[in-house]
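Going from the sequence shown to the numbering used here is simple: count from 1 and add 8.
Ideal Cβ positions, reconstructed from N, Cα and C, are used throughout, including at glycine.
These numbers come from a predicted model, not from an experiment.
Here the structure is laid out as structure tokens; the discussion comes afterwards.
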Amino acid sequence: MLAVKEAVEKARTYLPELFPEAENETLRLEGAELSDDERFWVVTFSFLETLAAGKSSETPRFPSLRSYKTVRLKADSGELMGIRNGFLEAA
């Protein structure tokens with residue numbers, strides 16, 4: 009089984025492959041949790057995304073928003089099982 013540090017590093021490598029905007033200096037780890045059945049690591053990162061002009065009229069004062077991505081990996085191999093927006097419970 010992967011140790012938590014290994015799971016975080018493995019999850020971090022998948023992010024820029026699928027979300028190039030995640031590869032910047034604002035990337036930060038929000039949490040890492042082993043599922044109750046110990047089959048999956050659930051790792052959440054966040055990063056700032058710059059809004060294009062006119063992209064959102066609801067947030068005119070903020071040029072960027074923090075985006076959250078949660079990566080789910082097999083605990084034994086680190087194989088990517090999925091990535092989603094926001095937080096995901098490890099259950």
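For residue i: DSSP bridge partner residues
| i | result |
| --- | --- |
| Gly90 | Arg80 |
| Glu41 | Val50 |
| Leu73 | Glu57 |
| Arg20 | According to DSSP, which records beta bridges pairwise, Arg20 is partnered with nothing at all. |
Sequence-distant residues of the same chain with beta carbon closer than 7 Å to residue i, five excluded per side
| i | result |
| --- | --- |
| Leu37 | Val16, Phe53 |
| Arg92 | Thr78 |
| Ser75 | Ser54, Phe55, Glu57 |
| Gly90 | Arg80 |
Pair within 8 Å by beta-carbon distance, residue i and residue j
| i | j | result |
| --- | --- | --- |
| Trp49 | Leu73 | no |
| Glu46 | Ala11 | no |
| Gly86 | Glu41 | no |
Whole-angstrom C-beta distance between residue j and residue i, which should lie under 8 Å
| i | j | result |
| --- | --- | --- |
| Phe55 | Ala30 | 5 Å |
Alpha-carbon spacing of residue i relative to residue j, whole angstroms
| i | j | result |
| --- | --- | --- |
| Ser43 | Val51 | 11 Å |
| Phe27 | Leu88 | 14 Å |
| Asn32 | Met9 | 29 Å |
Beta-carbon contacts of residue i that lie in its chain and below 8 Å, excluding the five residues immediately before and after
| i | result |
| --- | --- |
| Leu35 | Arg20, Leu23, Phe53, Ser54, Phe55 |
Neighbourhood of residue i by C-beta, 6 Å cutoff - its chain only, sequence neighbours within 5 removed
| i | result |
| --- | --- |
| Gly94 | Tyr76 |
| Gly39 | Thr52 |
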